[in-house]
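Heads up: the sequence lines are chains E and S, in that order.
Just so we're aligned, residue 4 is where the first sequence starts under our numbering, counting upward by one.
Just so we're aligned, residue 30 is where the second sequence starts under our numbering, counting upward by one.
So the structure is just underneath, and the comments pick up after that.
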Amino acid sequence: DTAVSQTPKYLVTQMGNDKSIKCEQNLGHDTMYWYKQDSKKFLKIMFSYNNKELIINETVPNRFSPKSPDKAHLNLHINSLELGDSAVYFCASSQDNTVDANYGYTFGSGTRLTVV
Amino acid sequence: AQKITQTQPGMFVQEKEAVTLDCTYDTSDPSYGLFWYKQPSSGEMIFLIYQGSYDQQNATEGRYSLNFQKARKSANLVISASQLGDSAMYFCAMRDYGGSQGNLIFGKGTKLSVKP
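Here it is in structure tokens:
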């Protein structure tokens, strides 16, 4: 069983479209995250979310919105896609938002989004 | 201020030799965790090793060891007996409760190439 699964793995879409990326974890973790990896491989956190709090990186445009129907899912919705949104998006989860190794992150395999 | 610094964009190592990937970090929080991840060309993020700020000994996991020098705020990854399969991007990351709000913050990565 895949611990953190993302779908789709590849997504090609036109500018201006709205798209969603789904993420599910079966680890029983309390906190989930979305990261963006740009063309230079830099990984930047976009959101972290648990059942209590959504923390948004202030640099993330409000066209991006996380939606969590339950603790095991954190989907990423993107409105009005732009060329600059092309990147690899990673979902991750952890037991809790602490620094302990026991609460390290487990990553999904990534979604490569290409906006044309 | 950049919290995680990896100064080596790319490194080459001969197969079977050891290699050190540099990482320095910046935090004022006394409690933090340091992580290394490997990202092969297939794209997934693979957890390698963890070091807690209060750990007295350097972490080791098989051929991976973390050279933790707290006073210098460095957490270098040492890979012994390099293998061709070690060719990948390597990311140093940190969690603290300061500005990152407990989220995992990454360095820009080092691309390691193992030569036969």
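Each residue gets a CB set at the ideal place from its N, CA and C atoms; glycine is no exception.
Are the beta-carbon atoms belonging to residue i and residue j less than 8 Å from one another?
| i | j | result |
| --- | --- | --- |
| phenylalanine 93(E) | methionine 74(S) | yes |
| valine 118(E) | leucine 79(E) | no |
| tyrosine 52(E) | proline 69(E) | yes |
| tyrosine 38(E) | isoleucine 48(E) | yes |
| glutamine 43(S) | lysine 140(S) | no |
| alanine 6(E) | asparagine 29(E) | yes |
| methionine 123(S) | threonine 56(S) | yes |
| cysteine 52(S) | isoleucine 33(S) | yes |
| cysteine 26(E) | glycine 111(E) | yes |
| alanine 95(E) | threonine 109(E) | yes |
| glycine 62(S) | glycine 81(S) | yes |
Which two residues bound the contiguous beta strand (DSSP E) that contains residue i?
| i | result |
| --- | --- |
| methionine 49(E) | 46 to 52 |
| serine 142(S) | 139 to 144 |
| serine 35(E) | Sequence check: residue 35(E) is methionine here, not serine. Element bounds for methionine 35(E): 34 to 40. |
| threonine 49(S) | 48 to 50 |
| aspartate 125(S) | 117 to 125 |
| asparagine 105(S) | 103 to 108 |
| leucine 84(E) | Neither: leucine 84(E) is in no beta strand (DSSP E) and is coded neither H nor E. |
| glutamate 56(E) | Here glutamate 56(E) belongs to no beta strand (DSSP E), and DSSP marks it neither H nor E. |
| arginine 115(E) | 114 to 118 |
| proline 69(E) | 67 to 70 |
| tyrosine 92(E) | 90 to 97 |
Would you say residue i lies against chain S (beta-carbon separation less than 8 Å)?
| i | result |
| --- | --- |
| tyrosine 52(E) | no |
| tyrosine 13(E) | no |
| glycine 31(E) | no |
| serine 146(E) | Outside the displayed range of chain E (4 to 119) lies residue 146(E), so it cannot be described from this structure. |
| valine 91(E) | yes |
| lysine 39(E) | no |
| tyrosine 70(E) | Reading off the sequence shown, one finds lysine at residue 70(E), where the question assumed tyrosine. No, no contact with chain S. |
| phenylalanine 67(E) | no |
Checking contacts by CB at 8 Å: is residue i closer than that to chain E?
| i | result |
| --- | --- |
| phenylalanine 76(S) | yes |
| glutamate 90(S) | no |
| phenylalanine 41(S) | no |
| lysine 67(S) | no |
| lysine 102(S) | no |
| glycine 72(S) | yes |
| leucine 95(S) | no |
| lysine 32(S) | no |
| tyrosine 79(S) | yes |
| asparagine 29(S) | Nothing can be reported for residue 29(S), as the shown portion of chain S is limited to 30 through 145. |
| lysine 45(S) | no |
What does the Cβ neighbour count give for residue i, buried or exposed, with the cut at 16 atoms within 10 Å?
| i | result |
| --- | --- |
| tyrosine 83(S) | exposed |
| tyrosine 13(E) | exposed |
| aspartate 99(E) | exposed |
| phenylalanine 64(S) | buried |
| serine 109(S) | exposed |
| alanine 88(S) | buried |
Would you say residue i lies against chain B (beta-carbon separation less than 8 Å)?
| i | result |
| --- | --- |
| lysine 99(S) | Among the protein chains of the structure shown, namely E and S, there is no chain B. |
Is the beta carbon of residue i within less than 7 Å of some heavy atom of the ligand FAD?
| i | result |
| --- | --- |
| threonine 16(E) | This structure lacks the ligand FAD, and indeed carries no ligand of any kind. |
* Mind pulling the beta strand (DSSP E) runs of 3 or more residues that sit fully within the region 34 to 98 of chain S? -> 39 to 43, 48 to 50, 61 to 68, 75 to 81 and 93 to 98
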